[in-house]
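Below: one structure, written as structure tokens.
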Amino acid sequence: MDNLINHPGVLTGFAVVVIGMLLLDLGVFNKKVHAVTSKEAAIWSVVWITLSMGFSGVIYMTSGFEKFTQFQSAYWIEKALSVDNLFVFILVFGFFKVPKELHHKVLFWGIIGALVFRAIFIFAGVGLINLTYLPEMVLFGHTLQINVVLFLFGLFLIYAGIKSWSGHSEEDEHKDYTKNAGAKLIYKFFKVSKNFDGEKFFTVENGVKMATPLLVVVAVIEFTDLLFAVDSIPAIFAIAPDDPMILYTSNIFAILGLRALYFLLANFIYMFSLLKYGLAIILTFIGIKMVISPLYHISSPLSLSIVGGVLVLSVIASLIFSRKEAA
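Under my numbering, the first residue of the sequence shown is numbered 800, with each subsequent residue one higher.
In structure tokens, the structure reads:
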């Protein structure tokens, strides 16, 4: 199959778009610190989704329909799972009492970290998968080739799907995020001020250089994203375990739209109240897909249809449920 890595022009275009948009975002549209409005967040959401769909169109023209559906499946899976991540971001910002005008900066640097760590996870994961195929065996008259890592990932995702059905617990809502590993790392190496100093990560108090709580929040967000990657990265391995660039580009496009999605989610959280059940179904489905893949291959177009259908139904159900509650 024609892997995306065989199209350097497409990958160069991807890098140019991502770097250019990040520089534009930081240096032009958000040069002045401000609270992001729902209108601004909606515009940026449309921009990032449009760019993502445009890139998937380029993949379709250069690599065919199968790669197109792989990109779309991985993109929407990551996008959906990211919403679950954003619920925790809301709790983190509330816990540290981060001023609204600083939320964007924290998320920006969180996403920069994600660009690096997701690359490490995805390329290392694909390399590990390629090394863990068992010798071919015959079972019930069928020739099978089982991959140990994909099988274990599948079992883990089934477990994660069943567990996530219960949603966020009271423990999440009352969690002490100063005990997060990211926060502990900052407290270990720096003296931390109790007060924010605008958008600065470091300040000087009584002649002593100190980290501000904003740096602690960035560290917590980074570590939280790493924990969520434990679910989302294995999930997309089920889509294209042999093409790391499909996985990485789809993952990055989904992540880059997170900041805008966060501000929309914070204002319209009722639209996603039942999404946790949809995510649980998606994780379980992907886990089953990975476990049974040696016996039965579920095609990328079918996977995309199932993932898309579950997402749409869960959002519709959320809207209906919220209206009934209001009534």
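Ideal placement from N, C-alpha and C gives every residue a C-beta, glycine not left out.
*Please report the residue range of the alpha helix (DSSP H) in which His806 lies.*
The residue you call residue 806 lines up with position 7 of the sequence shown. No alpha helix (DSSP H) holds His806; DSSP gives it neither H nor E.
*Report yes if the C-beta distance between Glu865 and Ile1035 is below 8 Å; otherwise report no.*
Position 66 of the sequence shown, counted from the start, is the residue given in the question as residue 865. Position 236 of the sequence shown, counted from the start, is the residue given in the question as residue 1035. For Glu865 and Ile1035, no; Cβs fall outside 8 Å.
*Measure the beta-carbon distance from Phe995 to Thr1011 and round it to whole angstroms, keeping in mind my assumption that it falls under 8 Å.*
The sequence position of residue 995 within the sequence shown is 196, counting from 1. The sequence position of residue 1011 within the sequence shown is 212, counting from 1. About 6 Å; that satisfies the 8 Å criterion.
*Got a sec, what are the start and stop residues for the beta strand (DSSP E) Glu1004 sits in?*
Sequence index remark: in the sequence shown, residue 1004 carries index 205 (1-based). Taken as a continuous stretch (DSSP letters only), the beta strand (DSSP E) holding Glu1004 covers 1001-1004.
*Starting from Leu1013 and walking both ways along the alpha helix (DSSP H), at which residues does that stretch end?*
Mapped onto the sequence shown, residue 1013 falls at position 214. It spans 1012-1036 - the alpha helix (DSSP H) in which Leu1013 sits, taken as one unbroken run.
*So, helix, strand or coil for Val915, using DSSP?*
Taking the first residue of the sequence shown as position 1, residue 915 is located at position 116. Looking at Val915 - three-state DSSP - the assignment turns out to be helix.
_Reference Ser965, options Ser1092, Gly1077, Val816, closest by Cα_ = Residue 965 sits at position 166 when you count from the first residue of the sequence shown. For Ser965, the closest C-alpha among the options Ser1092, Gly1077, Val816 is that of Gly1077.
*Compute the beta-carbon to beta-carbon distance between Leu1064 and Ser1117, rounded to the nearest angstrom, for a pair I have assumed lies under 8 Å.*
Taking the sequence shown and counting its residues from 1, one reaches residue 1064 at position 265. Taking the sequence shown and counting its residues from 1, one reaches residue 1117 at position 318. So it is not a contact: roughly 12 Å between Cβ atoms.
*Compare the Cα-Cα distances from Leu1101 to each of Ile1038, Met820, Val1029, Ser992 and report the closest residue.*
For the purposes of this step, residue 1101 is taken as the residue at position 302 of the sequence shown. Out of Ile1038, Met820, Val1029, Ser992, Ile1038 has the C-alpha closest to the C-alpha of Leu1101.
*asked:* Measuring straight from C-alpha to C-alpha, what distance separates Ile889 and Lys831?
replied: The residue given as residue 889 occupies position 90 in the sequence shown. The residue given as residue 831 occupies position 32 in the sequence shown. Just so you know, the alpha carbons of Ile889 and Lys831 end up roughly 22 Å apart.
*For my contact list, Ile880 and Asp1030 are in at a C-beta cut-off of 8 Å; report their separation, rounded to the angstrom.*
The sequence position of residue 880 within the sequence shown is 81, counting from 1. The sequence position of residue 1030 within the sequence shown is 231, counting from 1. According to the sequence provided, residue 880 is Leu. The question's Ile does not apply to it. The beta carbons of Leu880 and Asp1030 sit about 6 Å from each other, so the pair counts as a contact at 8 Å.
*What are the partner residues of Thr942, as DSSP defines its beta bridges?*
Start at 1 with the first residue of the sequence shown, and residue 942 comes out as number 143. Answer by DSSP bridge pairing, in chain order: Val937.
*asked:* If you measure between the beta carbons of Leu984 and Gly1086, is that distance less than 8 Å?
replied: In the sequence shown, the residue the question calls residue 984 occupies position 185. In the sequence shown, the residue the question calls residue 1086 occupies position 287. Going by C-beta atoms, Leu984 is not nearer than 8 Å to Gly1086.
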